[in-house]
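Numbering (our numbering), first residue to last: 502 to 735.
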């Protein structure tokens, strides 16, 4: 709810899910082919959409060319040739010009561990701006209830978002979550998706031949479909 709203009143929320379909998940190239990376990216997107649908109107923000048929879900798509940060802020600008009919929740498309409890958690946090940090200084979920706030998804976005909120004099809150904090970017993250994911992404990885080995800490291996590869130890 907004800081100036009555307690217990939940404002409507517009959910934005930025998605990169071209050369998706390039940091997974050492262990996945381009086609496998594309399939995994779409699987994670579907998982995120399955979780956030029902909380408000959902829009996938992407570069031109993305089609609903590729996603496999009937969802609104907003296409922009702008860079990620500029595209998100252009969306926020338009929302503000229309009188801020709802708050905005930005959810990254690679949160394969996301659950409804996590979405409930961030929406129930007080504050004009609520940030859910990712590992390595990113911002994996961002809830803004203020039409004055703009995003800073460049480099280490989390400290930049904190500084932006404080500069504007907005009430900032931090929502810590293991599931929302774990974005799937690097080979070492795949074990988390297989171990804790509940949707298409872990199933996709298992179909690709990845499996967990019970040898102390979790270790993800690729089976007979390709040469045996040990990817990570967590």
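Note that CB positions come from ideal geometry on N, CA and C, so glycine has one too.
Computed from a predicted structure; not experimentally measured.
For a cutoff of 7 Å on Cβ pairs, would you count residue i as touching chain D?
| i | result |
| --- | --- |
| residue 664 | The structure shown has no chain D; it contains just one protein chain. |
Specify the secondary structure class of residue i as computed by DSSP and reduced to three states.
| i | result |
| --- | --- |
| residue 660 | helix |
| residue 714 | strand |
| residue 522 | coil |
| residue 538 | helix |
| residue 704 | helix |
| residue 547 | helix |
Determine whether the beta carbon atoms of residue i and residue j lie at a separation below 7 Å.
| i | j | result |
| --- | --- | --- |
| residue 544 | residue 701 | yes |
| residue 589 | residue 652 | yes |
| residue 671 | residue 630 | yes |
| residue 606 | residue 685 | no |
| residue 666 | residue 657 | no |
| residue 567 | residue 522 | yes |
Use the C-beta contact count for residue i: other C-beta atoms within 10 angstroms, 16 or more gives buried, fewer gives exposed.
| i | result |
| --- | --- |
| residue 679 | exposed |
| residue 731 | Low confidence applies to residue 731: its pLDDT is 37, below 50, so where it sits in the model is not reliable, and the reading given next is rough at best. With fewer than 16 other Cβ atoms within 10 Å, it is exposed. |
| residue 580 | exposed |
| residue 636 | exposed |
| residue 584 | exposed |
| residue 675 | exposed |
| residue 617 | exposed |
| residue 611 | buried |
| residue 594 | exposed |
| residue 714 | exposed |
Just to check my reading of the structure: residue i and residue j have Cβ atoms closer than 8 Å, yes? What is that Cβ distance to the nearest angstrom?
| i | j | result |
| --- | --- | --- |
| residue 648 | residue 682 | The pair is not a contact, with the Cβ atoms about 27 Å apart (cut-off 8 Å). |
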